[in-house]
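Trainee: To start, I am sharing the structure in question, which I have written as structure tokens.
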DNA sequence: TTACGGTGAGTAATTACTTACTTACCGCTC
DNA sequence: GAGCGGTAAGTAAGTAATTACTCACCGTAA
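Residue numbers (this note's numbering), protein chains in the order written: chain A, 164 to 370; chain B, 164 to 370.
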């Protein structure tokens with residue numbers, strides 16, 4: 164038996180969070196035991212409690228740690244400045260609908276909201292609310308410029324995100340098979356939405 | 164102490180299913196104990212197991228029993244025959260987005276899919292797949308008649324349902340407040356979608 | 001030596017589910 | 001109607017397993 168080198172506290176903590184996040188995403192908070200988490204992280208159960216005082220605290224650490232959508236917002240901002248509507252919406256949809264996308268965060272988000280975790284709202288805010296608000300602001304500006312027709316910007320933003328999120332729900336949660344490629348799907352959603360929103364319909368694709 | 168009249172087996176069973184459905188919807192399968200279910204139904208825990216061999220069987224009975232969307236489909240069919248596009252989509256959206264709508268079924272659906280219950284797929288099929296297929300068929304027909312432009316009917320159907328389902332997710336699961344009335348919201352979604360889909364834009368409302 | 005990463009072996013509480021038992025009700029005979 | 005017996009509704013009090021969490025202790029690197 165080769166003797167294992169010890170991990171630093173930070174490494175262990177990161178490993179525990181990764182192992183736990185995957186399990187919580189798969190089976191929810193109540194469906195995951197601390198024993199399983201320890202086993203998945205390759206340590207004893209006691210060590211889990213050396214790093215996190217309670218199971219709930221570990222869950223909270225996961226929700227608090229996970230990355231935001233800043234990366235996406237940066238790319239969107241660039242196209243937004245150029246008023247390239249199609250690219251703005253294609254970027255947003257393509258960020259969520261693409262091959263090999265990880266469903267862990269979506270599952271964690273849904274589980275935390277359904278199970279009523281106290282940090283769920285914060286988690287939702289960091290991952291989604293910023294995106295709605297960003298998009299709604301863009302739509303509002305475009306309406307002011309006369310590029311989009313006059314609709315409630317927040318409802319319009321949610322309508323578009325709704326198409327995308329719903330698509331992910333169907334494929335990642337309900338295992339509905341995709342019958343079109345990722346690109347075709349994104350294009351169709353963007354096309355449908357922009358045609359409904361723009362004043363001078365863009366009808367670029369009629370497939 | 165007034166002596167309680169006994170319930171028939173069917174009454175008890177229905178009462179247990181109602182009590183359990185509410186609890187499972189609120190806290191998920193793993194988050195609900197058989198003790199709680201018994202208490203909510205006003206019986207002893209032992210009686211629960213007289214009616215359902217296991218907790219999971221009770222859960223299954225709930226998913227198998229809950230009503231379908233037949234009611235909605237009937238109303239839709241009527242307007243579909245008249246080719247009243249706006250009414251068809253308004254009916255569908257308004258059926259889900261209305262005051263006092265019950266979130267129990269939506270929560271059960273999400274929980275069962277996330278927790279991977281074997282009957283989840285059947286539950287999903289009875290509540291949603293039929294609706295997609297119905298709507299997709301209608302869209303396909305309208306495309307054939309030249310009323311709608313040429314898009315993938317299934318993707319278009321999902322795009323619309325996506326707006327609606329997403330709206331429910333936000334308000335019923337993530338507790339996002341509504342900033343418009345139910346009617347305004349439905350009208351906006353229908354308007355956005357139909358404008359994107361019809362060949363001769365209907366632009367009836369520009370608010 | 002000492003501080004810290006790490007663990008085996010607990011514990012009290014809770015869990016899904018059982019068992020052995022009591023009570024109410026319904027149809028039957030008288 | 002009174003009495004009776006069978007059956008099904010209903011329960012108190014378990015049980016074995018699992019749960020989140022603890023504690024006393026080990027081993028190794030600085």
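Glycine included, C-beta positions come from ideal geometry on N, C-alpha and C. Quick caveat: nothing in here was measured; it's all calculated off a predicted structure.
Could you give the C-beta distance for residue 329 of chain B and residue 324 of chain A, rounded to a whole number, given that I count them as a contact under 8 Å?
Mentor: Sure, about 7 Å apart at Cβ, within 8 Å.
Trainee: Taking Cβ positions only, does residue 278 of chain A come closer than 8 Å to chain B?
Mentor: Yes - at least one Cβ of chain B is within 8 Å of the one on residue 278 of chain A.
Trainee: Do we get a CB-CB distance below 8 Å when we pair residue 180 of chain B with the residues of chain A?
Mentor: So no, residue 180 of chain B is outside the interface.
Trainee: Can you name the residues that DSSP bridges to residue 372 of chain B?
Mentor: No answer is possible for residue 372 of chain B: it lies beyond the span of chain B, which begins at 164 and ends at 370.
Trainee: Can you find a CB in chain B that lies within less than 8 Å of the CB of residue 193 of chain A?
Mentor: It does; some Cβ of chain B falls within 8 Å.
Trainee: Quick check: what's the CA-CA separation for residue 260 of chain A versus residue 346 of chain A?
Mentor: Spanning the two alpha carbons is a distance of roughly 8 Å.
Trainee: For residue 222 of chain A, decide whether its Cβ has a neighbour in chain B, counting only Cβ atoms nearer than 8 Å.
Mentor: No, because no Cβ of chain B sits closer than 8 Å to the Cβ of residue 222 of chain A.
Trainee: Quick one, which of B:310, B:337 and B:339 has its alpha-carbon nearest residue 360 of chain B's?
Mentor: Of the listed residues, the one whose Cα sits closest to residue 360 of chain B is B:310.
Trainee: Using DSSP with H/G/I as helix, E/B as strand and the rest coil, what is residue 341 of chain A?
Mentor: In this structure, residue 341 of chain A counts as coil in the three-state DSSP scheme.
Trainee: Can you name the residues of chain A whose CB is closer than 7 Å to the CB of residue 324 of chain B?
Mentor: The answer, in chain order, is 329.
Trainee: Taking DSSP as the reference, what is the three-state secondary structure of residue 395 of chain A?
Mentor: Look at the range of chain A in this structure, 164 to 370, and you will see that residue 395 of chain A is not part of it.
Trainee: How would you label residue 165 of chain A, buried or exposed, when you count the other beta carbons within 10 angstroms and need 16 or more for buried?
Mentor: Note that residue 165 of chain A has pLDDT 39, beneath the 50 cutoff, so the model's placement of it is unreliable and the number below is only indicative. By the neighbour-count rule (16 or more Cβ atoms within 10 Å), residue 165 of chain A is not buried but exposed.
Trainee: Do you know offhand how far residue 297 of chain A's Cα is from residue 285 of chain B's?
Mentor: Each residue's alpha carbon lies about 38 Å from the other.
Trainee: Return the residues of the stretch 341 to 354 of chain A that lie within a Cβ-Cβ distance of less than 9 Å from chain B, sorted by chain order.
Mentor: Within the stretch 341 to 354 of chain A, the qualifying residues are 342, 343, 347, 348, 351, 352 and 354.
Trainee: On the three-state DSSP scale, how would you describe residue 191 of chain A?
Mentor: The answer is coil: DSSP assigns residue 191 of chain A none of H, G, I, E or B.
Trainee: Can you pull out the residues from the stretch 288 to 320 of chain A whose beta carbon lies closer than 7 Å to at least one beta carbon of chain B?
Mentor: For the stretch 288 to 320 of chain A, which is checked against every Cβ of chain B, the residues closer than 7 Å are 312, 313, 314, 315, 317, 318 and 319.
Trainee: Determine the direct distance from the alpha carbon of residue 208 of chain A to that of residue 339 of chain A, and round the result to whole angstroms.
Mentor: When rounded, the distance between both Cα atoms is 37 Å.
Trainee: Would you mind telling me which residues of chain B sit closer than 9 Å to residue 246 of chain A, beta carbon to beta carbon, in chain order?
Mentor: Per Cβ cutoff of 9 Å: no residues; residue 246 of chain A is ~20 Å from chain B at best.
Trainee: For residue 215 of chain B and residue 221 of chain B, what's the separation of their Cα atoms in angstroms?
Mentor: C-alpha separation (whole angstroms): 6 Å.
Trainee: DSSP three-state label for residue 233 of chain B, please.
Mentor: Helix, per DSSP.
Trainee: Is the beta carbon of residue 271 of chain B less than 8 Å from the beta carbon of residue 188 of chain B?
Mentor: For residue 271 of chain B and residue 188 of chain B, yes; Cβs fall inside 8 Å.
Trainee: Straight-line CA distance for residue 322 of chain A to residue 332 of chain A?
Mentor: So the two alpha carbons sit approximately 15 Å from each other.
Trainee: Nearest by alpha-carbon distance to residue 179 of chain B: which of B:253, B:203 and B:190 is it?
Mentor: It is B:203.
Trainee: Would you mind working out which of A:247, A:211, A:199 and A:205 sits nearest residue 305 of chain A, comparing C-alpha positions?
Mentor: Taking only the C-alpha atoms, the option nearest residue 305 of chain A is A:247.
Trainee: Just checking: is the beta-carbon of residue 225 of chain B within a distance shorter than 8 Å of some beta-carbon in chain A?
Mentor: It does not: the Cβ of residue 225 of chain B has no partner Cβ on chain A nearer than 8 Å.
Trainee: Using a C-beta cutoff of 8 Å, does residue 186 of chain A count as contacting chain B?
Mentor: False, the Cβ-Cβ gap to chain B never drops below 8 Å.
Trainee: Of the residues that make up the stretch 253 to 281 of chain B, which ones have a beta carbon closer than 7 Å to any beta carbon in chain A?
Mentor: Against chain A - using a Cβ distance shorter than 7 Å - the residues of the stretch 253 to 281 of chain B are 270, 273, 274, 276, 277 and 278.
Trainee: Cβ of residue 358 of chain A less than 8 Å from any chain B Cβ?
Mentor: Yes, contact with chain B.
Trainee: Which runs of the alpha helix (DSSP H) fall wholly inside the stretch 203 to 231 of chain A and span at least 4 residues, in chain order?
Mentor: Fully enclosed alpha helix (DSSP H) runs of 4 or longer: 208 to 214 and 218 to 228.
Trainee: Assign residue 277 of chain B to one of three DSSP states: helix, strand, or coil.
Mentor: Helix at residue 277 of chain B.
Trainee: Considering only residues of the same chain and omitting the five flanking positions on each side of residue 226 of chain B, which have a CB-CB separation below 8 Å?
Mentor: If we look at residue 226 of chain B and ignore the five residues flanking it on each side, its Cβ neighbours are 271, 275, 280, 282, 283, 285 and 286.
Trainee: Does the CB of residue 200 of chain B have a neighbour CB from chain A at under 8 Å?
Mentor: It does not: the Cβ of residue 200 of chain B has no partner Cβ on chain A nearer than 8 Å.
Trainee: For the alpha helix (DSSP H) that contains residue 335 of chain A, what are its first and last residues?
Mentor: It is not in any alpha helix (DSSP H) - residue 335 of chain A carries neither H nor E in the DSSP assignment.
Trainee: In angstroms, rounded to a whole number, what distance separates the CA positions of residue 366 of chain B and residue 349 of chain B?
Mentor: In this prediction, residue 366 of chain B has a pLDDT of 46, which is less than 50 and means its spatial position is unreliable; what the coordinates show is noted afterwards. In a straight line, the C-alpha of residue 366 of chain B is about 15 Å away from that of residue 349 of chain B.
Trainee: Strictly under 8 Å for the Cβ-Cβ distance: is residue 333 of chain B near chain A by that measure?
Mentor: Closer than 8 Å to some Cβ of chain A, the Cβ of residue 333 of chain B qualifies, so yes.
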